[in-house]
Structures are given as structure tokens and as C-alpha cells.
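*Asks:*
Residue numbers (this note's numbering), protein chains in the order written: chain A, 5 to 348; chain B, 64 to 395.
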């Protein structure tokens with residue numbers, strides 16, 4: 005096995021030269037329904053939680069796609085389906101044309117190396133009984149990326165350095181580090197595999213504001229340096245706007261809007277997207293005093309028994325009679341801007 | 064207007080095996096009647112402990128309020144007996160906690176949890192209690208309030224539970240509510256609902272509010288005055304306008320600059336506060352923000368700066384507070 009590090013990979017293909025255009029991941033009509041059972045001895049399926057209910061999107065090489073929505077909208081489940089941590093009920097996940105849903109565990113292994121994840125909670129996503137060095141070298145050993153133990157140690161130091169951590173952390177345990185430092189370890193662990201694609205599931209949400217900006221900058225630097233592609237799952241719209249090229253908005257298992265980042269934030273079309281943007285507080289008292297707040301009514305309904313027709317209609321102020329009957333088509337209203345609403 | 068709460072030189076320390084942690088290290092501020100005061104800072108800066116100290120809820124051991132006074136309507140809360148303190152909690156001063164999932168008792172009905180306070184403090188009869196509970200739930204925007212009384216917390220969503228917490232806080236018509244990260248665990252749309260509700264209710268009922276938060280946006284929307292805390296002390300205090308438009312402490316300045324904002328063009332790069340917050344068990348005599356500060360001078364290494372007035376009502380604890388303007392205004 006050669007010592008192909010992520011550093012060398014980028015030397016061969018600098019990030020700037022990578023044309024945005026080649027599709028890396030294509031998700032087609034993805035559905036993930038979890039059964040709800042009753043009965044202890046002979047469980048009977050009584051209903052389904054439609055966590056993700058027929059969403060489609062693609063991510064190009066080198067692109068960062070933001071996936072936003074409130075808790076329970078299915079954004080995390082979407083990420084887990086792509087990682088094949090859940091077996092989707094229906095639909096296709098094509099990674100460079102290969103349908104991951106159809107792969108057996110063994111055939112999936114090379115893709116597990118290419119697709120990595122950074123979890124939200126830096127406190128629970130690191131094994132408290134392993135030293136940082138062990139946490140970082142384990143995936144390299146398991147996947148046989150670097151077979152020599154000494155070489156692995158060298159690579160661990162390199163990874164720590166890339167993620168802005170001092171080499172002495174290799175001998176420390178997670179509890180000796182702060183949240184921001186642990187999240188850097190989570191990022192280093194993902195990088196250890198020389199991945200092409202990283203699912204960032206609320207990767208900065210648990211961090212303090214001052215630390216959050218550090219980690220966002222790190223994610224950006226790594227993206228440029230290694231030509232990474234991200235699926236950035238977050239509920240924080242300001243962070244998504246800063247980091248992403250394109251943004252998809254989900255509501256109750258459905259995708260309601262998808263557009264280029266600037267287009268989505270400057271010209272939001274779906275009433276839910278608008279309400280979401282309106283709800284974000286801005287750190288400026290003068291502006292806040294004059295800003296009109298259209299506060300969205302009610303709460304997100306249960307995905308076990310979602311509303312008929314457009315799932316957003318009970319909370320929507322633009323709703324008309326037809327909204328409760330027909331499911332709105334996810335249509336392209338201008339090049340690259342998709343909306344699932346009949347009234348825009 | 065009269066001062067409802069006067070905190071003077073409050074010091075709370077935790078005595079741990081790793082040494083004495085000065086979680087709150089001499090903070091002073093006042094809250095006037097009907098005013099909303101925000102306490103902003105990062106995790107571990109002592110903002111929650113300072114709030115718990117007001118209600119004497121700091122776990123002892125390992126924690127202890129070791130100095131200062133907390134005068135509420137002229138009475139020093141630190142001198143009260145436990146019995147007297149019980150009649151203050153929930154009655155004169157109420158608290159809303161961050162986690163609506165864990166701060167309600169899961170095995171008691173919503174109704175019981177609201178009426179408990181009413182019975183204890185006001186000695187109401189059962190019918191009176193239930194009528195008042197229904198009224199309170201209606202006030203905080205919960206639908207079908209009479210049916211909710213017999214429901215349990217797990218029947219409700221996070222936003223609804225936080226509404227119940229607000230209803231409990233309002234039950235005895237307190238003069239002051241302390242809300243510790245009231246919307247942190249909630250989604251943005253629900254956060255907007257709860258903030259609007261709290262703002263509306265406190266204005267209408269004339270309740271003073273201390274909001275503890277790390278979210279600068281939340282504070283901007285409804286605080287009259289802002290206290291910024293760092294390493295156990297207030298390092299800047301002033302009106303919301305002053306703090307946001309004319310920050311006089313490098314930490315406040317850096318915090319405001321480090322967050323991406325929806326109302327401004329996308330920046331190429333964020334401007335983070337470098338480094339880590341200090342360990343409160345190992346504070347020296349220098350300015351604790353010095354290692355992360357862009358304006359640090361030799362003087363900062365020798366002496367910790369005191370909170371001094373920069374303009375009427377606006378105080379900053381920084382040796383370089385008058386030289387920050389050259390760095391530009393983050394809100395310009």
C-alpha cells in the first residue's frame with residue numbers, strides 16, 4: 005500500500021482546477037419510512053414514520069450542498085441514508101453512478117472510505133476510552149490504508165496539524181479536550197480516510213460562537229485544499245449561507261425548495277423558506293426594532309400522519325383550497341431554482 | 064424607575080479537586096422594574112452560575128456564594144433563611160430553564176406542576192388553581208388548555224413544554240423572571256414564537272427579565288441592556304444599541320464579527336476569536352482575554368482591568384478601550 009496521503013492527492017488535482025459540473029452523488033426519489041410497532045411478543049406494524057418521503061437532488065464534485073430545516077424534517081435521516089447507516093425504503097443513491105442501496109456489505113467497503121461523516125456532538129461521537137491517536141489511526145488500520153504502525157503515527161501527527169491541533173493531543177483522551185478541539189478531532193478522523201465526500205451533520209451547532217467560526221473556517225480551508233464535497237446539514241441558516249454553494253430546504257420529509265445559495269437567500273419563493281428566514285434573529289437592535297416579524301403559526305405536524313396535499317398547508321398563510329388536496333409538484337421555476345408550491 | 068434587583072460584588076466559587084474555580088468573580092449590576100437585561104457569554108463564562116446564585120440554587124458542595132450581596136426590593140437574598148428563600152423562589156422571582164425536556168417532571172401532569180406553585184405560595188383552593196392554570200396556559204398560547212391539565216410532558220412538543228415552563232414562571236405574577244437560555248433547544252421558527260411571547264408578556268405584565276444567552280441575535284431583539292461576561296466577570300455593559308453599534312471591549316467586538324449574518328453580504332472568510340477560553344481554576348493576575356486579544360499590550364499582562372465608564376451608562380473592562388475605534392465598527 006502506498007502512502008497516498010490527502011496532501012498528495014491534492015497536488016495532483018488542485019481544488020481550483022476541479023470543474024464544478026461532474027455529478028458525484030445523485031439521490032433519486034429517496035424514501036425512508038420507519039415502522040411503528042405495537043405489541044411486545046408479536047410486534048405488529050401499525051403505522052410508518054415517513055421521515056424522508058420522496059426527495060431527489062444531486063451534488064456536484066467540489067460543491068457544498070446545504071440541507072436545512074427544523075428538527076424532525078428528515079435532514080439527518082437523509083444524511084444517514086447516503087452513508088448507508090439506514091437501508092432506505094425506496095429510491096436510489098447513486099455515487100458516481102453506482103447505486104449504493106444495492107451493494108452488499110463487502111462491496112460497500114471502498115465507498116465507506118470515500119464517504120465520511122462529521123457528527124454533531126463532539127462529546128458523544130468520540131470513544132472516551134481511546135486516545136486521540138488511536139481514534140485517528142483505527143480507521144486507517146481497519147481499511148488497510150496505512151499498514152505500518154509507525155507510518156500511521158506519522159499520519160496522525162499530520163492530520164492533527166492539518167486540523168490545527170498540537171501534536172501532543174495524540175496521547176490525550178477526549179475528556180481532556182474542549183468541545184471545539186474535539187470537533188477538530190472528529191474532522192481529522194473523517195480526513196484520515198482521504199475521503200471525497202463528507203456528510204457534515206450539524207457539525208458546528210454544538211459549539212460556542214467564537215469557536216464555531218474557527219471550525220467553519222477549517223472546513224472551508226479543507227474543502228479548498230483537498231477538493232472535498234460536503235453535504236452540510238444544519239438548522240443554522242446564517243452558517244449555511246456562509247458555507248454552501250447550493251441550499252435545499254426540507255419540511256416534514258419533503259424538499260420544498262432548492263436553489264443556488266444567493267438565489268435562495270435573496271429571492272426565497274416557498275412560504276416556508278420565507279418564514280424560516282424571517283425567524284432568524286439578526287444581531288443588530290436597530291434593525292430588529294424595525295424588522296417586520298411574520299411569525300409562523302403552529303408546530304411541525306407528526307410525520308406519522310402528515311397533512312394531506314401540501315404538508316405545509318396547515319401553517320401556510322398563502323394556502324388556498326387546492327393545497328390540502330393535491331401534492332404540489334417540485335418544479336423548476338427558473339434555471340436551477342426548484343420550488344414545491346403551486347402559489348408561486 | 065426603581066431598582067428591583069441590585070447585585071453587588073457577587074462571587075461564586077466551586078471547590079473541586081482541581082482547585083478553586085472562580086465561576087463568578089465579583090459581578091455587579093442592577094435590574095430595574097419591567098426592564099429586560101441580557102447576560103451574554105460563552106459556555107463556562109459564569110453566566111448560568113450567576114443566575115443560579117441569585118436564586119441560591121448553586122449546589123453546595125461543591126459550589127458556594129462566597130461574597131457580595133443580592134438585594135431584591137431592598138432585601139439581601141443571601142441573608143435570608145432557607146424558609147424565607149423558599150417563599151421568594153417561584154413567587155417573587157421565577158426561573159425558566161434551558162431544557163424544556165428535562166425541567167418538567169415527567170411523571171406529574173401539566174396541571175399539577177402549574178397548580179403546585181399556586182397552592183404553595185398563594186394557598187388557592189383546587190378549583191381556583193385549576194381555573195388559574197387554564198388561564199395561564201391560554202395566555203402562553205396553548206390550545207385547548209383545559210384538556211392539557213391532565214396531560215403529561217411527553218404529550219407535548221419542545222416548544223409547548225417551554226410554553227408550559229413560561230406559564231409556571233408567570234403563575235404567581237413574579238416581579239422578576241430569570242430565563243436561562245430559554246430558546247437554545249428550540250427550532251428557529253419556534254424560537255421566534257417563544258421570544259415574541261416572552262417579550263409580549265413581560266411588557267404587558269411589567270415583569271423584569273434577565274435573559275441568559277450565547278446568541279447575540281436573540282439579545283438584539285429584546286434586551287434593553289446587555290452585560291457581556293468573560294471568565295467570571297462582566298467585561299462590558301451598556302444599552303443594546305451601544306453594545307452592538309459601538310462595542311468597547313475587544314471580546315465583544317470579536318464576538319460580533321465572528322458570526323455570519325443574514326443581513327450582510329457573504330464574507331469570503333469568517334473572522335473568528337482565536338484560541339480557547341481560559342481555565343477558570345488557573346486565572347492569573349492578568350487580563351484573561353489577553354491571549355486571544357488583538358489589542359493586547361504589556362500592561363494587559365500585568366494587571367486585570369477594572370470595569371470603567373467609557374460613556375454614560377456604558378462600561379468596559381479593557382486597558383485599550385479608547386483605542387478600539389481604529390479597528391472599525393463591526394456594524395458599519
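By construction, the Cβ of each residue, glycine as well, lies at the ideal position given by its N, Cα and C atoms.
From the DSSP secondary-structure annotation, give me the bridge partner or partners of residue 105(A).
*Replies:* DSSP output for residue 105(A) lists no bridge partner at all.
*Asks:* Ignoring anything shorter than 4 residues or poking outside the region 234-308 of chain A, list the alpha helix (DSSP H) runs there in chain order.
*Replies:* As far as the region 234-308 of chain A is concerned, its whole alpha helix (DSSP H) runs of at least 4 residues are 241-247, 265-270, 275-283, 289-294.
*Asks:* Assuming residue 70(B) contacts residue 241(B) (C-beta within less than 8 Å), just tell me the rounded distance between them.
*Replies:* That pair is no contact at about 12 Å.
*Asks:* So, does the region 105-114 of chain B touch the region 146-156 of chain B, judging by three or more C-beta pairs under 8 Å?
*Replies:* Because the criterion of three Cβ pairs below 8 Å is not met, the region 105-114 of chain B and the region 146-156 of chain B do not touch.
*Asks:* Shorter than 7 Å from the beta carbon of residue 307(B) to some beta carbon of chain A?
*Replies:* Taking Cβ atoms only, chain A reaches closer than 7 Å to residue 307(B), which makes this a yes.
*Asks:* Going by C-alpha distance, which of 197(A), 42(A), 164(A) is nearest residue 50(A)?
*Replies:* Comparing Cα-Cα distances from residue 50(A) to each of 197(A), 42(A), 164(A), the minimum goes to 42(A).
*Asks:* Whose Cβ in chain B lies nearer than 8 Å to the Cβ of residue 221(A)?
*Replies:* Chain B residues near residue 221(A): 332, 333, 335.
*Asks:* Mind reading off the beta-carbon distance from residue 238(A) to residue 348(A)? Whole number of angstroms is fine, and I expect it under 8 Å.
*Replies:* At roughly 24 Å, the Cβ-Cβ gap does not stay under 8 Å, so residue 238(A) and residue 348(A) are not in contact.
*Asks:* For residue 362(B) and residue 150(B), I'd like the C-alpha separation in whole angstroms.
*Replies:* The alpha-carbon atoms of residue 362(B) and residue 150(B) are separated by roughly 48 Å.
*Asks:* Counting contacts by CB-CB distance shorter than 7 Å, is residue 222(B) in contact with chain A?
*Replies:* It does: the Cβ of residue 222(B) has a partner Cβ on chain A nearer than 7 Å.
*Asks:* Which of helix, strand or coil does DSSP assign to residue 302(B)?
*Replies:* Three-state DSSP puts residue 302(B) in a strand.
*Asks:* If we count the other Cβ atoms within 10 Å of its Cβ and call it buried at 16 or more, is residue 127(A) buried or exposed?
*Replies:* Residue 127(A) should be labelled exposed.
*Asks:* For a quick check, are the C-beta atoms of residue 79(A) and residue 197(A) less than 7 Å apart?
*Replies:* Taking 7 Å as the Cβ cut-off, residue 79(A) and residue 197(A) do not qualify as a contacting pair.
*Asks:* Pop quiz: residue 380(B) and residue 343(B) are said to be a contact at Cβ under 8 Å. What is the actual Cβ separation, rounded to whole angstroms?
*Replies:* Actually they are not in contact, since the Cβ atoms of residue 380(B) and residue 343(B) sit about 16 Å apart, beyond 8 Å.
*Asks:* Let me see if you follow: with CB-CB separation under 7 Å, is residue 301(B) close to chain A or not?
*Replies:* Cβ-Cβ to chain A under 7 Å: no for residue 301(B).
*Asks:* First and last residue of the beta strand (DSSP E) that includes residue 288(B)?
*Replies:* Run containing residue 288(B): 288-293, per the beta strand (DSSP E) assignment.
*Asks:* Does the contact criterion of 3 or more C-beta pairs under 8 Å hold for the region 217-228 of chain B versus the region 242-255 of chain B?
*Replies:* Segments in contact, yes.
*Asks:* Can you tell which of 377(B), 263(B), 311(B), 234(B) has its C-alpha closest to the C-alpha of residue 156(B)?
*Replies:* Cα-wise, what sits closest to residue 156(B) is 234(B).
*Asks:* When Cβ atoms are compared, which residues of the region 203-228 of chain A fall closer than 8 Å to chain B?
*Replies:* Cβ contacts with chain B come from 212, 213, 214, 215, 216, 217, 218, 220, 221, 224.
*Asks:* Measure the alpha-carbon distance for residue 165(B) versus residue 217(B) and round it to whole angstroms.
*Replies:* Straight-line Cα distance between these residues: approximately 10 Å.
*Asks:* Take the Cβ of residue 89(A) as the centre, count every other Cβ of all protein chains shown within 10 Å, and call the residue buried at 16 or more, exposed below.
*Replies:* Answer is exposed; the Cβ neighbour count stays below 16.
*Asks:* I want to verify the contact list: residues of chain B whose CB lies under 8 Å from the CB of residue 281(A), in sequence order.
*Replies:* Near residue 281(A) (Cβ distances below 8 Å), the residues of chain B are 325.
*Asks:* Excluding the 5 residues flanking residue 282(B) on each side, which residues of the same chain have their C-beta closer than 8 Å to its C-beta?
*Replies:* Excluding residues within five positions, the ones whose Cβ falls inside 8 Å are 101, 103, 274, 276, 289, 303.
*Asks:* If we ignore side chains and look at the alpha-carbon of each, how far apart do residue 141(A) and residue 202(A) end up?
*Replies:* Looking at the two C-alpha atoms, the distance is approximately 18 Å.
*Asks:* At a CB distance below 8 Å, what residues from the region 166-190 of chain A approach chain B? Give them in sequence order.
*Replies:* So the close ones are 182, 183, 184, 185.
*Asks:* Taking the C-alpha atoms as reference points, what is the distance between residue 104(A) and residue 115(A)?
*Replies:* Rounded to the nearest angstrom, the two C-alpha atoms are 8 Å apart.
*Asks:* If we cut at 7 Å on Cβ distances, does residue 379(B) have a partner in chain A?
*Replies:* Taking Cβ atoms only, chain A never reaches closer than 7 Å to residue 379(B), which makes this a no.
*Asks:* Figure out for me which residue from 98(B), 268(B), 77(B) has the closest Cα to the Cα of residue 88(B).
*Replies:* Out of 98(B), 268(B), 77(B), 77(B) has the C-alpha closest to the C-alpha of residue 88(B).
*Asks:* Determine the chain A residues that contact residue 283(B) at a beta-carbon separation under 7 Å, and present them in chain order.
*Replies:* Those are 285, 286, 287, 288, 289, 292, listed as they occur along chain A.
*Asks:* To the nearest whole angstrom, what separates the beta carbons of residue 244(A) and residue 70(A), a pair I think is in contact under 8 Å?
*Replies:* Sure, about 4 Å apart at Cβ, within 8 Å.
*Asks:* Start and end of the beta strand (DSSP E) containing residue 74(B)?
*Replies:* Start and end: 66-79.
*Asks:* Note down, in chain order, each residue of its chain lying with its Cβ closer than 6 Å to the Cβ of residue 8(A), except the 5 sequence neighbours on either side.
*Replies:* Unreliable placement is indicated for residue 8(A), whose pLDDT of 42 sits below 50; no coordinate value is reported for it.
*Asks:* Taking residue 341(A) as the reference, give the member of 309(A), 265(A), 217(A) with the closest Cα.
*Replies:* Closest option to residue 341(A), Cα to Cα, is 265(A).
*Asks:* To the nearest angstrom, how far is the alpha carbon of residue 311(A) from that of residue 83(B)?
*Replies:* One C-alpha to the other measures close to 56 Å.
*Asks:* From the beta carbon of residue 136(A), is the nearest beta carbon of chain B less than 7 Å away?
*Replies:* With 7 Å as the cut-off, residue 136(A) does not count as an interface residue toward chain B.
*Asks:* Around the C-beta of residue 315(A), are 16 or more other C-beta atoms found within 10 angstroms, so that it is buried, or is it exposed?
*Replies:* Classification of residue 315(A): buried, given that the 10 Å Cβ count is 16 or more.
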